[in-house]
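*Asks:* Quick one: this structure, given as structure tokens, is what I'll be asking you about.
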Amino acid sequence: MAAGDSGAAPAGTARDRCPTGIEALDNILEGGIPRGNTVLVAGSVGTGKTTLSLEFLIHGAERGERSLFLSVTEPTSKLIENMRSFEFFRPELITSGKLLLVDIPVLYDKLGLDHEEMRPDEIQLFLQTLEGFLTESKAERVVLDSLTSFAYRIQREERVRDFMLKLSQILAAHNCTTLLVSEIGPGAGRYSLRGVEEAIVDGLFLLGNARRHGDILRVLQVIKMRGTPHSRAQYVVEMTPIGLLLAPHLKGGLTEEG
Ligand SMILES: Nc1ncnc2c1ncn2[C@@H]1O[C@H](COP(=O)(O)OP(=O)(O)O)[C@@H](O)[C@H]1O
Ligand SMILES: [Mg+2]
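Under the numbering used here, the sequence shown is numbered contiguously, ending at residue 278.
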């Protein structure tokens, strides 16, 4: 258990935090994500889910924390290219093993998980393999990009719920602070593919688009985060070589796009 979690912490002291490295987001969260939390990062295509997740992991690796990116949607070679757009990215983070990128489709092949619909025993095999990765890598920060691509292969809602519960238990047992990427359509009205995922996680970042005077802006909101008070205000996100910059925005002339 982290030091900040102990009963001996002085009154008013927050739980131990896992700083995202995105300064304004850490300020909203009073220092960062409460360590050990699982957070859904929901948003439509191009809203910055992968970029935010990469920044979170690079920052962790820079602090000496083992950081693991499980990629379902993009080959890891492409992710490395994306990371190069950040001034603060150093390839040594990967060569030193602090930042570990895993291609999940390659893993599927190795495990023989080639059915369109995953059976319960295949889901179990995947979870066991994931647990093995966590034990071996001693990862403190984990990203699964995306949960949607994985959940897509689990057809029944009760199986998705069961998968989510087991996944949360495994991540909690290893004290990982985790971002689960959720791909949703614009204006989807829910935060995940099946709608059960957001109920199980500890936190939820919602990324989206908003139109202002003909421009489409990226926006971010912290919808939920167990273990800390936080603002639920909407922030405008700017992607820059020094990372994501957030600024509170005035709603004048702004329309939600989802
Ligand atoms: N450092 C950066 N500076 C400017 N634009 C960026 C940067 N990093 C990513 N982008 C752009 O942001 C967009 C969204 O990125 P991405 O994180 O892949 O979205 P999502 O994962 O939500 O689909 C892409 O079009 C990408 O080119
Ligand atoms: Mg992405």
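All C-beta atoms in this analysis are idealised placements derived from N, C-alpha and C, irrespective of residue type, glycine included.
Should Thr40 be listed as close to ligand 2, given that the test is whether its C-beta is under 7 angstroms from any heavy atom?
*Replies:* Working through the sequence shown from its first residue, we reach residue 40 at position 20. For ligand 2, not one heavy atom lies less than 7 angstroms from the Cβ of Thr40.
*Asks:* Report yes if the C-beta distance between Leu167 and Leu145 is below 8 angstroms; otherwise report no.
*Replies:* Translated into positions along the sequence shown, residue 167 becomes position 147. Translated into positions along the sequence shown, residue 145 becomes position 125. No, the Cβ-Cβ distance between Leu167 and Leu145 is not below 8 angstroms.
*Asks:* Based on Cα-Cα distance, which residue from Leu224, Ile78, Glu137 lies nearest to Ser116?
*Replies:* In the sequence shown, residue 116 corresponds to position 96, counting from 1. Measuring from the Cα of Ser116, the nearest candidate turns out to be Ile78.
*Asks:* Report yes if the C-beta distance between Ser212 and Ile48 is below 8 angstroms; otherwise report no.
*Replies:* As a first step, residue 212 is located in the sequence shown; it is residue number 192 there, counting from the start. As a first step, residue 48 is located in the sequence shown; it is residue number 28 there, counting from the start. The answer is no: Cβ separation not under 8 angstroms.
*Asks:* Is it the case that the segment 62-81 contacts the segment 35-47, given that we only count it when at least three CB pairs across the two stretches are under 8 angstroms?
*Replies:* A contact exists between the segment 35-47 and the segment 62-81.
*Asks:* Short of 6 angstroms in beta carbon distance, which residues of its chain neighbour Arg214, apart from the five on each side in sequence? Order them along the chain.
*Replies:* Position 194 of the sequence shown holds residue 214. Excluding sequence neighbours, Arg214 sits near Glu177, Val180.
*Asks:* If Ile220 and Ser169 are in contact, beta carbons under 8 angstroms, what's the gap, nearest whole angstrom?
*Replies:* Stepping through the sequence shown from its first residue, residue 220 is reached at position 200. Stepping through the sequence shown from its first residue, residue 169 is reached at position 149. At roughly 18 angstroms, the Cβ-Cβ gap does not stay under 8 angstroms, so Ile220 and Ser169 are not in contact.
*Asks:* For the segment 89-102 against the segment 256-265, do three or more pairs of beta-carbon atoms, one drawn from each stretch, fall closer than 8 angstroms, so that the two count as touching?
*Replies:* Because the criterion of three Cβ pairs below 8 angstroms is not met, the segment 89-102 and the segment 256-265 do not touch.
*Asks:* Please find out if some non-hydrogen atom of ligand 2 comes closer than 7 angstroms to the beta-carbon of Lys69.
*Replies:* Stepping through the sequence shown from its first residue, residue 69 is reached at position 49. Because some heavy atom of ligand 2 lies under 7 angstroms away, the Cβ of Lys69 counts as near it: yes.
*Asks:* Hey, which unbroken runs of the alpha helix (DSSP H) at 4 residues or more fall wholly within the segment 87-146?
*Replies:* Qualifying alpha helix (DSSP H) stretches, in chain order: 96-103, 112-115, 124-131.
*Asks:* Compute the Euclidean distance between the alpha carbons of Lys130 and Val163, then round it to the nearest angstrom.
*Replies:* For this step, residue 130 is matched to residue 110 along the sequence shown. For this step, residue 163 is matched to residue 143 along the sequence shown. Distance between the alpha carbons of Lys130 and Val163: 21 angstroms.
*Asks:* Taking 8 angstroms as the threshold (C-beta atoms), are Arg161 and Phe76 in contact?
*Replies:* The count along the sequence shown starts at 1 and reaches residue 76 at position 56. The count along the sequence shown starts at 1 and reaches residue 161 at position 141. For Phe76 and Arg161, yes; Cβs fall inside 8 angstroms.
*Asks:* Which word fits His194, buried or exposed, when buried means at least 16 other C-beta atoms lie within 10 angstroms of its C-beta?
*Replies:* Indexing the sequence shown from 1 puts residue 194 at position 174. By the neighbour-count rule (16 or more Cβ atoms within 10 Å), His194 is buried.
*Asks:* Please state if the CB of Leu113 and the CB of Ala81 are separated by a distance shorter than 8 angstroms.
*Replies:* Translated into positions along the sequence shown, residue 81 becomes position 61. Translated into positions along the sequence shown, residue 113 becomes position 93. Closer than 8 angstroms, so yes.
*Asks:* Can you tell me the Cα-Cα spacing of Leu133 and Phe153, whole angstroms?
*Replies:* For the purposes of this step, residue 133 is identified with residue 113 of the sequence shown, where counting begins at 1. For the purposes of this step, residue 153 is identified with residue 133 of the sequence shown, where counting begins at 1. Going by the C-alpha atoms only, they are around 17 angstroms apart.
*Asks:* Can you tell me whether Gln148 is buried or exposed? The criterion is at least 16 other CB atoms within 10 Å of its CB, across all chains shown.
*Replies:* Position 128 of the sequence shown, counted from the start, is the residue given in the question as residue 148. It counts as exposed.
*Asks:* Which residue or residues does DSSP assign as beta-bridge partners of Asn279?
*Replies:* Residue 279 cannot be examined here, being either before or after the span of the chain that is shown, 21 to 278.
*Asks:* Tell me, please, which residues DSSP counts as bridged to Ala267.
*Replies:* Within the sequence shown, the letter at position 247 stands for residue 267. The partner list for Ala267 (beta bridge, DSSP) reads Val256.
*Asks:* Would you check whether ligand 1 has a heavy atom nearer than 7 angstroms to the C-beta of Asn229?
*Replies:* Working through the sequence shown from its first residue, we reach residue 229 at position 209. Checking every heavy atom of ligand 1 against the Cβ of Asn229, none is found closer than 7 angstroms.
*Asks:* Identify, in the order they occur along the chain, each residue of the same chain with its Cβ nearer than 6 angstroms to the Cβ of Ser157, setting aside the five sequence neighbours on each side.
*Replies:* Reading the sequence shown from its first residue, position 137 is the one you call residue 157. Correct list, in chain order: Arg86, Leu88, Leu120.
*Asks:* Excluding the 5 residues preceding and the 5 following Ala62 in the sequence, name in chain order all residues of the same chain whose CB lies nearer than 6 angstroms to its CB.
*Replies:* Residue 62 sits at position 42 when you count from the first residue of the sequence shown. So the list reads Ser202, Ile204, Tyr211, Leu226, once near-sequence residues are dropped.
*Asks:* When the Cα of Val242 is compared with those of Ala159, Leu185, Leu60, Val126, which residue comes out closest?
*Replies:* By one-based count along the sequence shown, residue 242 stands at place 222. The candidate whose alpha carbon is nearest that of Val242 is Leu60.
*Asks:* Figure out for me which residue from Thr40, Arg232, Ala253 has the closest Cα to the Cα of Arg55.
*Replies:* Within the sequence shown, numbered from 1, the residue matching residue 55 stands at position 35. Looking at the Cα atoms, Thr40 is the closest of the given residues.
*Asks:* Does the beta-carbon of Thr93, which I'm using as the reference point, lie nearer than 7 angstroms to any heavy atom of ligand 3?
*Replies:* This structure does not include ligand 3; its bound ligands are ligand 1 and ligand 2.
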